[in-house]
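Reading the sequence shown from the start, the letters are residues -24 to -1, 1 to 385 in mature numbering (1 follows the signal peptide of the UniProt record, and there is no 0). Backbone N, C-alpha and C define an ideal beta-carbon position, used for all residues, glycine too. A short write-up of the structure that comes next.
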Amino acid sequence: MKITRALAATTTTAAIILALPAMATAKEHGPQRGDVLNASFVRTVGLDEIRTGLTDEGVDVSSLRYEVDLHRVEYSTVDPWGSPIMASGLLALPHNRDKRLTAVSFAHGTESNRVGVPSVPNLEDNVWDQAPAWLYSSSGFATLMPDYLGLGTGPGRHPWFHLPTETTASMDMLRASDSYVKTLHRKLNGEVMVTGFSQGASAALGLAKVLDAGRDGAGRHRFELGAVGAVSGAYDMAGAEVPALLGAPGQPKLDPKLSVLYTTYLLTSWEKTYDIYGSPAEIFQSPWDQNIESLFDGDHSGKDIFTGTPGTVAELLTPQGKALLEHPGGRFAKALAAESRVCSFAPDAPVRLYVTRTDAEAASTNTDSCAAKFDAAGKDVSIVDLGATDHAGSHLRSMGDLVRWFQTI
């Protein structure tokens, strides 16, 4: 959760990008999934800036070769109820003469503000927001980084940890980028390497499943899954992450304050999507119940969220709220079960799950559960232990290994 990196960030979207005139390509009969609505060149990131920025973050930079051209793409996708909606994302291309490019799709981790995502980075933390694009594209790949719904320049509220729209936003970003790069006289070769961190680890697996299937709700597609590497995900909300957030016996110990933030984000976001409770007062203790639903509206800062929530989950939840998480039923139970099936498939492409056993945000038992579900589906996956580091550190440590692996496929 990047809240922990940017408590004092107070930038505005207008200050981030000076874009060239946009390209509109929506069809006259209305945009279809993956149609480009607007696309614009943002800037070229120099090789020295890339090397310095990534080195300062602790990323392995041995694969860097090129400057990187950044483009923001706004495209048509669908909301949780299947209605058309616009989403945004970052497309990064190596500044070289290669005409055919292999794509890397990267799904980012939890963000609480619509500023501080790949296509609309926080000026004070733009390396973190765009690091995968810098690394993979400087290494020769086309990098696609969807912002998800309700973040970046997309309208509305972000449906946090909603796997169906994380998947459709990622797939439709791929479709839109495929169209847009042709206007630049380049082409995606159809092979897609898929990766993601934290929230994005599940999103990456959702996209991988669609790529492996060869089709989704919008029909058949031409892309093939090359490999998938998921990093520090909460793949099993019901069986691993929620029990750890509640401090259940036998679960990995998570950071108390961050557990409050994740619990709040889960409940308030899923209430908007699935209608899982009646009023905030039923679930959240006073005085937190008064304003808690507004904290994750995409416009509040990390500092607002920290000061607007208590220090522990015990101080946050009413007995009814705790019972909802300990013994979910109805729509909530069905939604949790659906999210937890993300690892239950057997793609032809190789799969790696990256984990640190010292993660205080995404319980490492999520990775064990995910690997077991892959195994039950008939897929042998590799678990890569990143050693002792924190949640954010696992992302930074994994990238160098991932780019080298992708280059061998």
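- prompt: Taking one C-beta from the region 146 to 163 and one from the region 10 to 28 each time, how about it: are there three or more such pairs within less than 8 Å?
  reply: Judged by Cβ distances under 8 Å, the region 146 to 163 makes contact with the region 10 to 28, as three or more pairs qualify.
field: For PRO97, three-class secondary structure by DSSP
entry: DSSP places PRO97 in coil when its eight states are reduced to three.
query: Considering THR119, what are the terminal residues of the beta strand (DSSP E) in which it resides?
result: Counting along the chain, THR119 sits inside the beta strand (DSSP E) bounded by residues 118 to 122.
task: Write down every uninterrupted run of the alpha helix (DSSP H) in the region 167 to 214 whose length is 4 residues or greater and which is fully enclosed by it, in chain order.
output: Runs found: 175 to 189.
Reference LYS233, options ALA68, PHE282, LEU67, closest by Cα: When each option's Cα is compared against that of LYS233, the closest is PHE282.
task: Confirm, please, whether the CB-CB distance from VAL35 to GLY376 is below 8 Å.
output: Yes, the pair counts as a contact, with Cβ atoms nearer than the cut-off.
query: Do you know how far the Cα of PRO219 is from the Cα of SER345?
result: Their Cα atoms are separated by approximately 13 Å.
query: Among ILE259, SER270, GLU217, which has the Cα closest to the Cα of ALA336?
result: It is GLU217.
field: Unbroken alpha helix (DSSP H) run spanning ILE268, endpoints
entry: In the DSSP annotation of this structure, ILE268 is not part of any alpha helix (DSSP H), being labelled neither H nor E.
message: Let me make sure I understand the geometry here. Which of ALA325, VAL379, HIS71 has the alpha-carbon closest to that of LEU187?
response: When only C-alpha atoms are compared, the closest one is ALA325.
- prompt: For LEU67, which residues does DSSP report across the bridge?
  reply: LEU67 is bridged to HIS47, LEU120.
query: Whole-angstrom Cβ separation of SER39 and SER113, contact assumed at under 8 Å?
result: Contact doesn't hold; Cβ gap of about 11 Å is too wide.
- prompt: What whole-angstrom Cβ distance do GLN175 and THR86 have, given they're in contact under 8 Å?
  reply: Cβ atoms of GLN175 and THR86 come within 8 Å of each other, at about 5 Å.
- prompt: Three-state secondary structure (DSSP) at GLY274?
  reply: The answer is strand: DSSP assigns GLY274 an E or B state.
- prompt: Residue range of the alpha helix (DSSP H) that ALA336 falls in?
  reply: First-last for ALA336: undefined, no H or E at that position.
message: Threshold first: 3 residues or longer. Then list the beta strand (DSSP E) segments lying entirely within the region 349 to 373, N to C.
response: Correct list: 358 to 361.
Residues bridged to TYR330 [DSSP beta-bridge criterion]: Per DSSP, VAL207, VAL360.
task: Taking ASP105 and PRO94 to be in contact with their CB atoms under 8 Å, please state how far apart those CB atoms are, rounded to whole angstroms.
output: About 6 Å separates the two Cβ atoms, so the contact holds.
task: Report the three-state DSSP secondary structure of PRO304 (helix, strand or coil).
output: Three-state DSSP puts PRO304 in coil, outside helix and strand.
message: Looking at the strands, I want to know which residues DSSP matches up with PRO60.
response: As DSSP reads the structure, PRO60 sits in a beta bridge with VAL54.
- prompt: THR86 by DSSP, collapsed to three states: which one?
  reply: DSSP, read as helix, strand or coil, puts THR86 in coil.
query: DSSP state of PRO145, grouped into three classes?
result: The sequence as given places Ala at residue 145; Pro does not occur at that position. Here ALA145 sits in helix by DSSP.
- request: Determine the extent of the alpha helix (DSSP H) in which ALA220 is found, giving its start and end residues.
  value: Per DSSP, ALA220 belongs to the alpha helix (DSSP H) from 218 to 221.
message: Within the continuous alpha helix (DSSP H) that includes SER113, where are the two ends?
response: Run containing SER113: 102 to 114, per the alpha helix (DSSP H) assignment.
task: Flag this pair as yes or no: are the beta carbons of ARG90 and LEU127 separated by less than 8 Å?
output: A contact, by the Cβ cut-off of 8 Å.
task: Could you say if the region 220 to 228 and the region 355 to 363 meet the contact criterion of at least three C-beta pairs nearer than 8 Å?
output: Not touching, per the Cβ criterion.
task: Jot down the residue ranges of each uninterrupted alpha helix (DSSP H) in the region 234 to 261, minimum 4 residues, whole runs only, in chain order.
output: Inside the region 234 to 261, DSSP marks whole alpha helix (DSSP H) runs of 4 or more residues at positions 256 to 259, from first to last along the chain.
- request: Take every Cβ of the region 236 to 244, pair it with every Cβ of the region 47 to 66, and state whether three or more of those distances are shorter than 8 Å.
  value: Not touching, per the Cβ criterion.
query: Do THR171 and PHE82 have their C-beta atoms within less than 8 Å of each other?
result: It is a contact, given that the beta carbons lie within the stated cut-off.
- request: Compare the Cα-Cα distances from VAL236 to each of HIS303, PRO225, GLN261 and report the closest residue.
  value: When HIS303, PRO225, GLN261 are compared, the shortest CA-CA separation from VAL236 is found for GLN261.
- prompt: By Cβ distance below 6 Å, which residues in the same chain neighbour ARG333 in space, the five residues on each side in sequence not counted?
  reply: Shown here for ARG333: same chain residues with a beta carbon closer than 6 Å to its own, the five before and five after excluded, namely SER340 in chain order.
query: Taking the alpha carbon of LEU312 as the point to measure from, which residue in GLY58, LEU30, HIS138, ASN14 has its own alpha carbon closest?
result: Per the Cα distances, HIS138.
query: For ILE385, which residues from the same chain have a beta carbon less than 6 Å from its beta carbon, with the 5 sequence-adjacent residues on both sides left out?
result: Once the five neighbours on either side are set aside, the close Cβ partners of ILE385 are GLY202, ALA203.
query: Taking Cβ to Cβ, would you say THR285 is nearer than 8 Å to LEU293?
result: In this structure, the beta-carbon distance from THR285 to LEU293 does not fall below 8 Å.
message: Measuring straight from C-alpha to C-alpha, what distance separates SER62 and PRO97?
response: The question names Ser, yet the displayed sequence has Met at residue 62. Rounded to the nearest angstrom, the two C-alpha atoms are 18 Å apart.
task: Specify, as a first and last residue, the run of the alpha helix (DSSP H) that VAL289 falls within.
output: Taken as a continuous stretch (DSSP letters only), the alpha helix (DSSP H) holding VAL289 covers 289 to 292.
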